[in-house]
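Asker: Oh and the sequence shown: position 45 is 48 in the working numbering, straight run, nothing missing. The beta-carbon is built from N, C-alpha and C at its ideal position, and this holds for glycine as well. Model, not experiment: these values are computed from the prediction.
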Amino acid sequence: MQCASSAQSLPAAMSSSLIYELTSIVDRLDFAKLFPRQQPVEVELGCGDSTFIVEYAARHPERNFIGVERLLGRLRKLDRKGSRLGLTNLRGIRIESAYFLEFLLPPESICALHVYFPDPWPKRKHQHKRLVNERFVELARRALVPGGAVYLRTDNSDYHTQMTTVFGNSAAFRAIETPPELRAFLTDFERDFLAKGVQTLYAAYQRVG
Ligand SMILES: C[S@@+](CC[C@H](N)C(=O)[O-])C[C@H]1O[C@@H](n2cnc3c(N)ncnc32)[C@H](O)[C@@H]1O
Numbered sequence: 004m005q006c007a008s009s010a011q012s013l014p015a016a017m018s019s020s021l022i023y024e025l026t027s028i029v030d031r032l033d034f035a036k037l038f039p040r041q042q043p044v045e046v047e048l049g050c051g052d053s054t055f056i057v058e059y060a061a062r063h064p065e066r067n068f069i070g071v072e073r074l075l076g077r078l079r080k081l082d083r084k085g086s087r088l089g090l091t092n093l094r095g096i097r098i099e100s101a102y103f104l105e106f107l108l109p110p111e112s113i114c115a116l117h118v119y120f121p122d123p124w125p126k127r128k129h130q131h132k133r134l135v136n137e138r139f140v141e142l143a144r145r146a147l148v149p150g151g152a153v154y155l156r157t158d159n160s161d162y163h164t165q166m167t168t169v170f171g172n173s174a175a176f177r178a179i180e181t182p183p184e185l186r187a188f189l190t191d192f193e194r195d196f197l198a199k200g201v202q203t204l205y206a207a208y209q210r211v212g
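What follows is the structure in structure tokens.
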């Protein structure tokens, strides 16, 4: 992975729920208020029922994870699953993904951004609503530390082309392989697609410079 851990223990008053209630939507996050240990942070946007981020956070206690999701019912699943495993390196935040990226993450603060099966908006007239677009590339560049990575998955070939085009056109990113260790962790939607025989498409990019 791209971010090495230099973990430090810091005292932080943790709530019993893994859902972090934002106290402000205009101030950037202070990770020391979210996690008891200060270590590299990874974010999943649109984490859904959260199987991926819960299992990945359990596998990587040396990193901290934030799942972003707009639906409270889905975040409650993150809370239930993560609490059952006793995870202290995982928090869920209920907020809109692009807003979170642009206004709540401190600049150059995360080492990985995971975006798996974002809503595909297949109708042409709705495609402007897609999360991963030219603007998203700039927001990802600002949020990631140099050397940090964006990991993308989709079942929609047209959206995959859009993802690879916007990142491929950016001098701030270079294409990389999705690490096999990461590929082994499937998301809930991915399991459903694979069960139906639907092909899933991957892409990954590393921030350069
Ligand atoms: C198709 S599901 C995929 C969920 C998960 N990544 C997976 O692969 O199983 C998309 C998820 O993103 C959430 N979502 C869609 N648009 C969002 C947005 N703008 N901000 C935050 N969450 C969003 C939806 O509520 C949904 O849970």
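#1: So is the beta-carbon of TYR154 under 6 Å away from any non-hydrogen atom of ligand 1?
#2: Spatial neighbours of HIS117 within its chain, please: CB distance less than 6 Å, with the 5 preceding and 5 following residues excluded, ordered by chain position.
#3: Hey, could you find the ends of the alpha helix (DSSP H) ALA61 is sitting in?
#4: Short of 7 Å in beta carbon distance, which residues of its chain neighbour GLU137, apart from the five on each side in sequence? Order them along the chain.
#5: I'd like the span of the beta strand (DSSP E) that includes HIS129, first residue to last.
#6: My understanding is that LEU78 touches ILE113, with C-beta atoms under 8 Å, so please give their C-beta distance in whole angstroms.
#7: With a threshold of 6 Å (Cβ to nearest heavy atom), would THR26 be considered close to ligand 1?
#8: Return helix, strand or coil for VAL169, following the three-state DSSP convention.
#9: Would DSSP call LEU13 helix, strand or coil?
#10: Taking the alpha carbon of THR91 as the reference point, which residue from ALA61, GLU24, ALA174, LEU197 has its own alpha carbon closest?
#11: Quick check on LEU204: does DSSP put it in helix, strand or coil?
#12: Grouping DSSP H, G and I as helix and E and B as strand, with all else coil, what is GLY85?
#13: Let me make sure I understand the geometry here. Which of LYS36, GLU45, GLN41, LEU81 has the alpha-carbon closest to that of THR54?
#14: Helix, strand or coil for LEU197, going by three-state DSSP, please let me know.
#15: Looking at the strands, I want to know which residues DSSP matches up with ALA178.
#16: Should ILE28 be labelled buried (16 or more other beta-carbon atoms within 10 Å of its own) or exposed?
#17: Could you say which of PRO123, GLY51, PRO109, MET166 lies nearest to LYS84 if we only look at CA atoms?
#18: According to DSSP, simplified to helix, strand and coil, what is PHE3?
Answerer: If we stick to the structure as given:
#1: On the sequence shown, residue 154 is found 151 positions in, with the first residue counted as 1. No.
#2: In the sequence shown, counting from the first residue as 1, residue 117 sits at position 114. Within the same chain, HIS117 has close Cβ partners GLU47, TYR154.
#3: Indexing the sequence shown from 1 puts residue 61 at position 58. Its alpha helix (DSSP H) spans residues 54-62.
#4: Residue numbering aside, residue 137 sits at position 134 when the sequence shown is read from its first letter. Cβ within range, chain order: VAL169.
#5: Translated into the one-based positions of the sequence shown, residue 129 becomes position 126. No beta strand (DSSP E) holds HIS129; DSSP gives it neither H nor E.
#6: Translated into the one-based positions of the sequence shown, residue 78 becomes position 75. Translated into the one-based positions of the sequence shown, residue 113 becomes position 110. No, LEU78 and ILE113 are not in contact; Cβ-Cβ is about 19 Å, not under 8 Å.
#7: Stepping through the sequence shown from its first residue, residue 26 is reached at position 23. Checking every heavy atom of ligand 1 against the Cβ of THR26, none is found closer than 6 Å.
#8: Within the sequence shown, residue 169 is the residue found at index 166, counting from 1. Of the three classes helix, strand and coil, the one that applies to VAL169 here is helix, per DSSP.
#9: As a working note, residue 13 is residue 10 in the sequence shown. Confidence at LEU13 is low in this model, with a pLDDT of 44, below 50, so its placement is unreliable and the value that follows should be read with caution. Coil, per DSSP.
#10: Residue numbering aside, residue 91 sits at position 88 when the sequence shown is read from its first letter. Of the listed residues, the one whose Cα sits closest to THR91 is ALA61.
#11: Reading the sequence shown from its first residue, position 201 is the one you call residue 204. In this structure, LEU204 counts as strand in the three-state DSSP scheme.
#12: Here residue 85 corresponds to residue number 82 of the sequence shown, with the count starting at 1. In the structure shown, GLY85 sits in a helix (DSSP, three-state: H, G or I).
#13: Within the sequence shown, numbered from 1, the residue matching residue 54 stands at position 51. When each option's Cα is compared against that of THR54, the closest is LEU81.
#14: Within the sequence shown, numbered from 1, the residue matching residue 197 stands at position 194. Three-state result, LEU197: helix.
#15: Locating residue 178 in the sequence shown gives position 175, where the first residue counts as 1. DSSP, once it has assigned bridges, lists TYR208 as partnering ALA178.
#16: Counting from 1 along the sequence shown, the entry for residue 28 is found at position 25. Exposed.
#17: As a first step, residue 84 must be located in the sequence shown, where it is residue number 81. Comparing Cα-Cα distances from LYS84 to each of PRO123, GLY51, PRO109, MET166, the minimum goes to GLY51.
#18: The shown model of the chain, from 4 to 212, leaves out residue 3, and the question about it has no answer.
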